[in-house]
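Take a look at the structure set out below.
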Amino acid sequence: MGRSRRPATALEAFFDLERFLARSATAHAGLPELERESERRGREVLRLALQAHLDGRGHGDVGPALVADGPDGPVRLSHKRLHTRRLLTIFGEVSVTRTGYGARGQPSIHPLDAELCLPARTYSYEICRRLTRAAVCGPFAEAIALIADMTGVVVPMRSAEAIVKDAAADFEDFYATRAGKAPGPREILVGAIDCKGIPMVKPDGAQKVVRRRKGEKANKKKMATVAAVYSQAPCVRTPEEVLDSLFASPDAPARRQRRPRPAAKRVWASLTADKDSFIADVRAEMVRRDPRHRRTWVMVTDGERALQRRVANTFKGVTLVLDLLHAMDKLWKVAYVFNPEGSPGAVAFVRDRAERILTGQVSQVVKGLRQMVTKRGLKGEKAKTVRDVANYYYANRERMRYDLYLSMGWPIASGSVEGACKNLVRVRFERSGMRWTVDVAEPVLQLRAVYLSDDFDDYWQFHVQQEQQRLHRKGQWRVVRK
């Protein structure tokens, strides 16, 4: 039996779908087959309906000629010709035939393109939106397979990467022109900055390593600067409550209070921006939310000195808080100088000094650590470890006034930016075998940040508007009636 004729209209395709379902009922077809085939035939109904609509819009003939802006002044475009372009939509391939106005040596202008809001690429904006959203959530190959399964449109890998790069073009303008959500009357405004490595593709000519030396990593990583900005109601806590949360004391649930969640949280990161520019961007985001600085601003960072200096220079007069968890990491290193890892002695050592730090006794902890080196006769690496931690605490003592911060209800740990490092960077960029180039990683970082900040839909609308302005600038041409 010959193959059945392909439906020519949406109505024929709809009747074809009806006949298929009727035959399937007689043949007692199963639901899986019905779903798949109905979806395929249904997409064909919608594709033909969309094609009919595009055909019915006309060719966009607006008059005998156009006058367009040229580099040397106005140019008359009086040569008219019909041009057809194909588009890949979520329903399949369609075509648009429209009138092009041109002249010798001049690019043609198609008024219907602006009216239909057509993209520069063959892929429709909706295909690009879905692909981009999938690509920021998982590997490109999975995103391509998902789009092919949902729409029947297969996007090559190189085209998928180019679509994502184009999609990130308006990231900076989107946030620069958007009014930030102001903190509530009692809320504080919190900023946090950290760094996270992304595994990069080895440069051309890199020699293959047969056996790595001790401490040598399999891949080279490039550090991305990561930030989080959010509002939060103050939450006064005691040192005992913090210790309970850190050491899981049996009576901790009875004393632990429900802490307010961050509000209007925005996270983002960059591989290419220098740290000074990135920190200035963090400040700009906080200014957008609180232009007159009416709320309390708190900046939480780790103990990296260069980063702290940059933050202090940009945020003059703002409280800088050393992330407690970074400070605790140092304590554990000292504890393992004197106790086996995981031992009750190590836990007791850290808890005792953490309590002193939380109650404002940082200087006493520093003094005690330095005395340990002398009294216990430590030498070599052990002595260096203890001295380094003591010096670290001494250098950061002005940012470790945790007793004051807790009494004011301020945050003392960078959980939000640590979460950003995990969700924004590690979950997407450090999967097994992944290696990145900067030109692909940066737009994925930006768009994943938009997605995790719950701004993706607003951003996409803004991006389409901006691209349409670039493609079809208002006032670029006018109709000549004679």
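The sequence shown begins at 400 in my numbering and counts up by one.
Ideal placement from N, C-alpha and C gives every residue a C-beta, glycine not left out.
Since we're looking at a predicted model, the values are computed, not measured.
Residue i vs residue j beta-carbon contact at 8 Å
i    : j    : result
L844 : V563 : no
A623 : V824 : yes
L476 : I508 : yes
L805 : P638 : yes
R688 : G579 : yes
A591 : S630 : no
G491 : P633 : no
V764 : I756 : yes
A566 : I543 : no
K729 : Y791 : yes
R694 : P582 : yes
D593 : S813 : yes
D512 : R497 : yes
L670 : E541 : no
A789 : L768 : yes
R532 : F828 : no
L588 : W696 : yes
V761 : V772 : no
F419 : R440 : yes
H725 : D751 : no
Local Cβ density within 10 Å of residue i, reported as buried at 16 or more and exposed below that
i    : result
R665 : buried
P602 : exposed
R405 : exposed
Q860 : exposed
F573 : buried
A747 : exposed
A407 : exposed
V553 : exposed
D680 : buried
G354 : Look at the range of the chain in this structure, 400 to 881, and you will see that residue 354 is not part of it.
E817 : buried
A734 : buried
G459 : buried
D548 : exposed
Where residue i falls: helix, strand or coil (DSSP)
i    : result
Q865 : helix
G429 : coil
Q505 : strand
T408 : coil
G604 : Residue confidence for G604 is low, a pLDDT of 49 falling below 50, so the modelled location carries little weight; the figure read from the coordinates is stated next. Note: G604 maps to coil in three-state DSSP.
T483 : strand
W809 : coil
I597 : strand
A734 : helix
S494 : strand
G767 : helix
E417 : helix
G883 : No answer is possible for residue 883: the residues shown for the chain start at 400 and end at 881.
V837 : helix
V879 : strand
T753 : According to the sequence as given, residue 753 is Ala; it is not Thr. Residue state, collapsed to three classes: helix.
G472 : strand
I562 : helix
V609 : A caution first: V609 carries a pLDDT of 48, below 50, which makes its placement in the model too unreliable to give a value.
L588 : strand
G499 : strand
H871 : coil
V746 : helix
L724 : helix
V710 : helix
V758 : For the record, residue 758 in the displayed sequence is Thr; it is not Val. T758 falls in the coil class under three-state DSSP.
T773 : helix
T488 : strand
T695 : coil
W859 : helix
Residue i: CB within 7 Å of a non-hydrogen atom of the ligand FMN
i    : result
L517 : Ligands in the displayed structure: none, and consequently the ligand FMN is not present.
Does the region 790-803 touch the region 718-737, meaning 3 or more C-beta pairs lie closer than 8 Å? yes
Please specify which runs of the alpha helix (DSSP H), each continuous and at least 4 residues long, are wholly inside the region 618-693, giving them in chain order. 638-646, 651-654 and 674-688
With a cut-off of 8 Å, do at least 3 Cβ pairs link the region 481-493 to the region 507-523? yes
How about the region 588-603 and the region 810-830: do they share at least three Cβ pairs that are nearer than 8 Å? yes
Count the C-beta pairs between the region 625-634 and the region 677-692 that are closer than 8 Å, then say yes if the count reaches three, no if not. yes
Please confirm if the region 458-467 is in contact with the region 868-878, defined as three or more CB-CB distances below 8 Å between the two stretches. yes
Considering only residues of the region 509-554, which uninterrupted beta strand (DSSP E) runs meet the minimum length of 3 residues and lie entirely inside it, listed in chain order? none
Does the contact criterion of 3 or more C-beta pairs under 8 Å hold for the region 671-679 versus the region 697-709? yes
Report yes or no: do three or more beta-carbon pairs, one from the region 784-795 and one from the region 556-571, lie closer than 8 Å? no
Are the region 410-430 and the region 443-451 touching, with three or more C-beta to C-beta distances below 8 Å? yes
Fully enclosed by the region 429-469, which alpha helix (DSSP H) runs are 4 residues long or longer? 430-455
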